[in-house]
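Taking the numbering used here, I'd label the letters of the sequence shown as residues 1 to 679. Backbone N, C-alpha and C fix where the C-beta goes; we use that ideal spot for every residue, glycine too.
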Amino acid sequence: MKTFCGRANPTTGAMEWLEEDENYDYHQEIARSRYADMLHDKDRNVKYYQGIRAAVSRVKERGEKAIVLDIGTGTGLLSMMAASAGADFCYAIEVFKPMANAAVKIVEKNGFCDKIKVINKHSTEVTVGPDGDMQCRANILVTELFDTELIGEGALPTYEHAHKYLVQEGCEAVPHRATVYVQLVESKRMWSWNKLFPVHVEAEDGEKIIVSPSEMENCPGVPSVCDIQLNQMPSSDFTILSDVVTMFSVDFSKPVRSASTYYTVQLEPVKSGKAQIVLSWWDIDMDPSGMINCTMAPYWVKSTSAFQWRDHWMQCVYFLPNEEPVLQGEKVYLTACRDEYSVWYKLQKARGEEENKADVRVESPVCRCQAHLLWNRPRFGELNDQNRTRQYIESLMKVLKTDSVCLCISDGSLLPVLAHYLGAKQVHCFFFKFFKANHLEDKIKIIEARPELLTSSHLEDKKISVLVGEPFFTTSLLPWHNLYFWYARTAVTSHLTSNVTVLPQSASLHMMIVEFQDLWRIRSPCGICEGFDVQTMDDMIKNSLNFRESKEAEPHPLWEYPCKSLSDPREVLTFDFRKTVPQHCLRTEGSVSLSRKGKSHGAVLWMEYHLAAGISISTGLIQISNEKGNCEWNPHCKQAVYFFSSVIESETLSDLPSAVTYAINFNTKTGEIAMDFQL
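Written out as C-alpha cells, the structure is:
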C-alpha cells in the first residue's frame, strides 16, 4: 500500500506530495535509531548482565521461581540474559511492531523460545491472569527505558503502572536505582545557547548596539533538555562553581510515583561567579548494594581511565531562568522541578526552609518571547559568534551604498538591523518581530508573504539593489538545504535591479574523507552481543538504510564527535547566486586521494558561503589542527555524514586504496543531492 505524504521541500521551498511506501515511517525510525549504539555499549551490556544474574540468584536463593518482566525489550537482549542466567520464564514487552517481530526472530535464533514470550503491546495494556498476556505477576523487573535526561522516555509512568499491575510487591529490579547528579557552572559559551548577547556595530555615525527585547532577556526559554557530549567540552569553556551533589534518586524496586514534584539541595559555592548553567547526569546501580554501577559522569568527575563512549545516553545542560551572582562559601538552594517527562531548575539565595517551600511552583517553563521557538540552541550560539558577525559587517560595508534598497532572505536574522545601521536607505525582510526593542519598526519593513508571492506593492514599487541572506532557514536539516536562498532569489528576480548585488555571491559544497573516533559505532553491525546472536537486528537496520534507492547523508554536529581527516578537503560543487537556479542538474565526479593511514568510515560534506571578495564563512571544517589530521568543526552547524557501507582499513600508506572516487548530483528540480562513493 502506498500513502501520499505532503511536505515542504527544505531546499526549493515547494510543497510536494510524495508517494511513500506504508513502511516508510518505520524504516526511518529504524535507520535513525540508536539500537546499534546500545548493542555496542559494552559497559551497559556487561553491567546489565551482572545485575540480572545477581537478581535471578537472589530470587532462587529464596526458593522462588524467577519470573522476569522486561519492558521495552528491543532486540530481546535483556530477556535472553535473564533466561541464560537461569530465569524460569520471561515476558518481553515491545510496543514497536517491527522491533517486536525482530525480537521474536532473535529469541528463536538463540534457542530461547520456550523461556521467552514476546508481547507486542504497550506495557500499560498488558493483562495478567490465566487468560492474560502474563500468567502471573513477575518478581524481577528489568527495563531499559532511559534517555539522557533519565525520565524523558516515560520511565516514571511505566514503572508506576508496572508496580501496580504487573509485578509482585518487593520484587527485584534491574536496575535497582537511578541517581541524578548536578553541578553549578558559569559558562559564556553554554549561556550563549540560550540568550542573545548585545551586538556592537561600528557605523559611520558612531557605535550602535543591537540589544535583545526585554521579554527575550527575561524569558526562561524552552523546557526541553539540551543533551550533548559534555566530554567534548574543553574545561576552559566553563568555570565550576560547586561540587557535584546528588539531586534525587529513584528506587525502582519499590512503587514509583510519576506525579510532578520537586527536590531542593543546599549548595556551597566553591568559587564566586555567575551561576548560569546546571550540568547534570545520572548513574544506575544494577544491584541493591551499588557494587554494579553504570555512570554517565563526564571526564572531570570520573577518575577511571576506562571510558565508555555512548551516544544514546549523554549529559544534560540546563539553563537557569536568569544568571545569579554567587559568592564563595555563601550557601544557595538549587531546586529541581520535574513532571512525568522533564526536569528544570531554579536557584535561590538561602532563606528560611518554610518560606522557600512556598515559593516553589512546579510549572514547566514556557517561552514567552518566541525567539526560543524560532532559534534552536546552536542558532543562538551562531548569532552570538562575534567573529562571524564581524565578517557579515565587513561584507555589508563593502556592498551597501546610501541609496541601497535591501531585501533580506533568512529566518530570524540580524542582517536587516546590520544593513540599516550600516547605512542602507531602505531595508525589507520576511516575517521577524525583533525590531521593536531597537526602535526600528518604521525603518525595517516586514513583508508577510513568501518570497514567491512577493509583489511590487510589498516593496513600495522600488527595485531591490542589494539582496542579502546568511543564509539560514529553520527548516534546514542538511547543509545544502540552505540553498533555499538560491530558489528564493530566483523567485524574486523580477523585483531586482539589473545590477543587483547578491550577498553571499556564491556557495560551494565541500567534502573530506574521515576516520571517526567513535561515531562509526552508530552505523556499525554488532553481530554477537554478550554471546547472543543479534545479526537479525543488523540486517534490519541495513535494510532500512537501503530502503531509499540512494543512500542518504545524515546530519551530525561534529564538534561533539572527534574524527581525523584521511584526505584533503575538496570543493566539489559551486552555486552562483548572482544567476538564477539553472534548469539542468549540476553534476560532478572525480577522485580524492587518501593522504593518511586509517579507517575510511565515511565522507563529511559541508557548505561554504562566499559573502564578498575575500570573505567566506564555512559551516563545516574550520581547520585541520595538527599533523595527525584532527579536525576542528564549526560548533553552530550540523555537518552531513555519509557512512560508507564497507570500511577500508589501511595500516600503511603503501596499502592505502590510493583514492576514493565520488559522483555527486544536485537535482535543481527537487533540490536534492544524490551521492555515490567507491573505495
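Lys-669 (DSSP reduced to helix, strand or coil) | coil
What is the C-beta distance between Asp-70 and Tyr-91, in whole angstroms, given that I count them as a contact (C-beta under 8 Å)?
-> 7 Å
DSSP-derived helix/strand/coil call for Thr-588 = strand
State the DSSP-derived secondary structure class of His-122, mapped to helix, strand or coil.
-> coil
With Leu-396 and Leu-414 assumed to form a contact (beta carbons below 8 Å), what rounded beta-carbon distance in angstroms separates them?
-> With a Cβ gap of about 11 Å, Leu-396 and Leu-414 do not count as contacting.
Contained alpha helix (DSSP H) runs [length at least 4] in the stretch 29-65, N- to C-terminal order | 35-39, 42-61
Please state whether DSSP places Val-417 in a helix, a strand or coil.
-> helix
Backbone secondary structure at Asn-626 - three-state DSSP | coil
Please report how far the alpha carbon of Ala-659 lies from the alpha carbon of Val-592, in whole angstroms.
-> 5 Å
Other residues of its chain near Ala-203: CB distance less than 8 Å, five sequence neighbours each side excluded = Tyr-421, Leu-422, Gly-423
Quick one: grab the DSSP three-state call for Gln-266.
-> strand
Three-way DSSP call (helix, strand, coil) for Gln-535 in this model | helix
Are the Cβ atoms of Ile-513 and Leu-467 separated by less than 9 Å?
-> no
Is Leu-519 helix, strand or coil when you go by DSSP?
-> helix
Pro-325 lies in the alpha helix (DSSP H); which residues open and close that run?
-> Run containing Pro-325: none in the alpha helix (DSSP H); it sits in the beta strand (DSSP E), 315-326.
How do the stretch 256-263 and the stretch 232-239 stand: do at least 3 beta-carbon pairs fall below 8 Å, yes or no?
-> no
Just how far apart, CA to CA, sit Ile-664 and Thr-490?
-> 23 Å
Hey, Ser-565 and Cys-637 are a contact pair by Cβ (cut 8 Å); roughly how many whole angstroms apart?
-> Wrong, their Cβ atoms sit about 18 Å apart, outside the cutoff.
Cα-Cα, which of Lys-579, Tyr-165, Ile-116 is closest to Val-128?
-> Tyr-165
In this structure, what does DSSP give as the bridge partners for Asn-293?
-> Asp-285
Please work out which residues of its chain come closer than 8 Å, Cβ to Cβ, to Glu-354, disregarding the five sequence neighbours upstream and downstream, and give them in chain order.
-> For Glu-354, the predicted model reports a pLDDT of 48, less than 50, meaning its position is unreliable and no value from the coordinates is stated.
Proximity to Leu-558 [Cα-Cα], best of Phe-532, Ala-603, Val-167 | Ala-603
Pairwise C-alpha distance: Lys-579 and Asn-499 | 11 Å
Could you give the C-beta distance for Glu-172 and Ile-140, rounded to a whole number, given that I count them as a contact under 8 Å?
-> 5 Å
Around the Cβ of Ala-102, are there at least 16 other Cβ atoms within 10 angstroms (buried) or fewer (exposed)?
-> buried
Under 8 Å by Cβ, that's how I've got Glu-153 and Val-118 pegged, so tell me the actual separation to the nearest angstrom.
-> Going by Cβ atoms, the distance from Glu-153 to Val-118 rounds to 20 Å, so no, they are not a contact pair.
With Arg-521 and Ala-31 assumed to form a contact (beta carbons below 8 Å), what rounded beta-carbon distance in angstroms separates them?
-> Actually they do not touch by this definition, with Cβ atoms about 15 Å apart.
Rounded straight-line distance, which links the Cα of Met-607 to that of Pro-569 = 12 Å
At 4 residues or longer, and completely inside the stretch 101-178: list those alpha helix (DSSP H) runs for me, N to C.
-> 155-165
Exposure of Arg-44, with buried meaning 16 or more beta-carbon neighbours within 10 Å | buried
Flag this pair as yes or no: are the beta carbons of Phe-575 and Ala-674 separated by less than 9 Å?
-> no
Whole angstroms is fine: what's the gap from Asn-626's alpha carbon to Gln-639's?
-> 21 Å
Inspect the beta-carbon positions of Ile-228 and Met-134 and report whether they are closer than 9 Å.
-> no
When you compare only the Cα positions, how much space is there between Val-126 and Ser-524?
-> 34 Å
Please go through the same chain and pick out, in chain order, the residues whose beta-carbon is closer than 6 Å to the beta-carbon of Gln-678, but skip the five residues on each side of it.
-> Thr-661
Would you check if the stretch 67-81 and the stretch 334-348 touch, i.e. whether three or more CB-CB distances between them fall below 8 Å?
-> no
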